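Take 1 as the starting number for the sequence shown in full-length UniProt numbering and just add one per residue.
Just so you know, even glycine gets a beta-carbon here, dropped at the ideal spot from N, CA and C.
Treat the numbers as computed from the prediction; the structure is a model and nothing was measured.
What follows is a single structure, written as structure tokens, with notes after it.
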Amino acid sequence: MPIKIPQLLPAREILENENIFVMDENRAITQDIRPLNILILNLMPEKEMEETQLLRHLSNTPLQVNVSFMKTATHQSKNTSHLHLDQFYTVFDEVKHKKFDGLIITGAPVERLPFSEVDYWEELTEIMHWADSHVTSTLHICWGAQAALYYHFGIDKILYPEKLSGVFAHTLYSPKEKLLRGFDDVFFAPHSRYTDVDRKALALHPEIHVLSGSEEAGPFILMANHGKQIMITGHLEYDTGTLATEYQRDLKKGINPSLPKHYFPSDNPERQPLNIWRSHAHLLFSNWLNYYVYQETPYQWD
């Protein structure tokens with residue numbers, strides 16, 4: 001699938017060097033098809049890294065996709081230049097009059113805070129409320145998934161004694177679900193978080209379908225409202241080295257983190273980890289775009 005992105009976006013060169021089909025606005029307007037409009041609310045501190053990771057996985061179907069990036073207006077990023085944000089990002093007030101085929105709400109390193117203490121929580125709840133009527137399907141990632149469970153269903157998160165980090169085996173609970181088409185019976189996915197879903201509270205909500213999970217990492221892929229909300233508690237979008245980068249970052253901060261589990265060969269952080277989740281990451285995003293966005297969205301929004 002060609003993804004249409006701004007011509008000067010830094011991720012463009014990285015993706016083209018990986019032989020990923022990207023298209024700028026000039027070429028896209030010559031194609032007489034209705035592209036999907038996907039909005040990404042990027043809450044990650046390293047926004048350029050998250051952009052590249054997500055765009056990499058939005059590029060594997062025959063569909064043309066227009067990608068727009070959004071930031072919160074109530075939080076100022078400390079890790080991404082204002083020049084980059086001003087050039088490539090919008091804010092909610094600038095898009096709330098529009099409708100989008102899909103929305104991605106990323107994770108954020110705020111899971112140890114109560115939701116009400118996150119400085120952009122009120123803005124985020126407004127966006128999630130807006131998405132109910134203006135977006136065909138929303139994909140929530142990691143803390144974004146926990147935020148959705150809390151906002152839509154009142155399910156809180158539970159703090160771990162220490163950070164859950166690593167690459168964990170997952171099994172399928174609903175193998176016939178379209179989102180999981182092509183998945184192996186057992187597959188692997190990275191996790192990096194300090195909190196878990198309150199599983200007792202989750203069990204009281206039969207309208208939320210847990211499609212996949214892990215003995216070590218807990219519920220992983222959840223769905224509600226026939227796919228209008230999809231929650232992913234881990235980070236299938238992560239690159240091979242992202243967990244290593246986070247581990248080294250935490251070491252430098254003096255946090256004394258545990259090694260990410262099942263990640264470094266022989267638990268040796270000097271050795272290069274292997275990516276054993278890439279194909280399922282591509283499948284997840286492709287299935288979401290095809291079955292829950294493209295097949296469900298109207299050709300013309302009212």
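How many angstroms separate the CA atom of residue 124 from the CA atom of residue 269?
Their backbone Cα atoms lie some 37 angstroms apart in a straight line.
Within the present structure, is the beta-carbon of residue 95 separated from the nearest heavy atom of the ligand GTP by less than 8 angstroms?
As far as ligands go, the structure on display features none, and thus does not contain the ligand GTP.
Length at least 4, wholly inside the stretch 230 to 292: the alpha helix (DSSP H) runs in chain order:
The qualifying runs are 242 to 252 and 278 to 287.
What are the boundary residues of the beta strand (DSSP E) that residue 59 is part of?
Careful: residue 59 lies outside any beta strand (DSSP E) and carries neither H nor E.
Answer yes if the stretch 214 to 225 comes into contact with the stretch 161 to 169, meaning at least three C-beta pairs across the two stretches below 8 angstroms, and no otherwise.
The answer is yes - the stretch 214 to 225 touches the stretch 161 to 169, with three or more Cβ pairs under 8 angstroms.
How should residue 7 be labelled, buried or exposed, when 16 other C-beta atoms within 10 angstroms of its C-beta is the threshold for buried?
So residue 7 counts as exposed.
For residue 297, name the three-state secondary structure that DSSP assigns.
Annotated three-state conformation of residue 297 is coil, per DSSP.
List the whole-angstrom C-beta distance separating residue 285 from residue 134, where the pair is believed to meet the contact cut-off of C-beta under 8 angstroms.
Incorrect: roughly 21 angstroms between the Cβ atoms, too far for contact.
Tell me, please, which residues DSSP counts as bridged to residue 189.
Partner(s): 168.
I think residue 211 touches residue 179, with their Cβ atoms under 8 angstroms apart; what is that distance to the nearest whole Å?
So it is a contact: roughly 6 angstroms between Cβ atoms.
Span separating the alpha-carbon of residue 32 from that of residue 101:
With a pLDDT of 47 at residue 32, under the threshold of 50, the predicted position of this residue should be treated as unreliable, though the coordinate-derived value follows. When rounded, the distance between both Cα atoms is 18 angstroms.
In the structure shown, what three-state DSSP assignment does residue 128 receive?
Residue state, collapsed to three classes: helix.
Separation of residue 131 from residue 226, as counted between CA atoms:
Looking at the two C-alpha atoms, the distance is approximately 15 angstroms.
Secondary structure at residue 39, three-state DSSP: helix, strand or coil?
The answer is strand: DSSP assigns residue 39 an E or B state.
Only counting the same chain, and skipping five residues up and downstream in sequence, which positions put a Cβ closer than 8 angstroms to that of residue 36?
Excluding residues within five positions, the ones whose Cβ falls inside 8 angstroms are 63, 64, 65, 66, 101, 102, 289, 293, 294 and 297.
Which residues does DSSP pair with residue 157 in a beta bridge?
DSSP lists 197 as partners of residue 157.
Of the residues 188, 170 and 232, the one placed nearest residue 278, counting alpha carbons only
Residue 188 is the option with its Cα nearest to residue 278.
Out of 195, 194 and 228, point me to the one whose CA is closest to residue 209's CA.
Of the candidates 195, 194 and 228, the one whose C-alpha sits nearest the C-alpha of residue 209 is 228.
Please report the straight-line C-alpha distance between residue 29 and residue 266, rounded to a whole angstrom.
Low per-residue confidence applies at residue 29: pLDDT is 48, beneath 50, and the placement is therefore not dependable enough to give any value.
So, at 6 angstroms on beta carbons, what are the nonlocal neighbours of residue 108 in its own chain, with the 5 sequence-adjacent residues on each side left out?
Closer than 6 angstroms at Cβ, skipping near neighbours: 43 and 143.
Expressed to the nearest angstrom, what Euclidean distance is found between the alpha-carbon atoms of residue 168 and residue 235?
Distance from the CA of residue 168 to the CA of residue 235, rounded to the nearest whole angstrom, comes to 11 angstroms.
Residue 139 - containing beta strand (DSSP E), residue span:
Looking at the DSSP string, the run of the beta strand (DSSP E) that includes residue 139 is 135 to 141.
Can you find the residues in the same chain that come closer than 7 angstroms, C-beta to C-beta, to residue 156, ignoring five residues on each side of it along the sequence?
Setting aside the 5 residues that flank it on each side, residue 156 is surrounded in the same chain by 150, 198 and 201, each with a C-beta closer than 7 angstroms to its C-beta; the list follows chain order.
For residue 211, the three-state DSSP class (helix, strand or coil)
Residue 211: strand per DSSP, three-state reduction.
I'd like the list of long-range same chain contacts for residue 53, defined as Cβ closer than 8 angstroms, with 5 residues on each side in sequence excluded.
Closer than 8 angstroms at Cβ, skipping near neighbours: 237, 238, 239 and 242.
The alpha helix (DSSP H) with residue 110 in it runs from where to where?
Unbroken run through residue 110: none, as it is neither H nor E.
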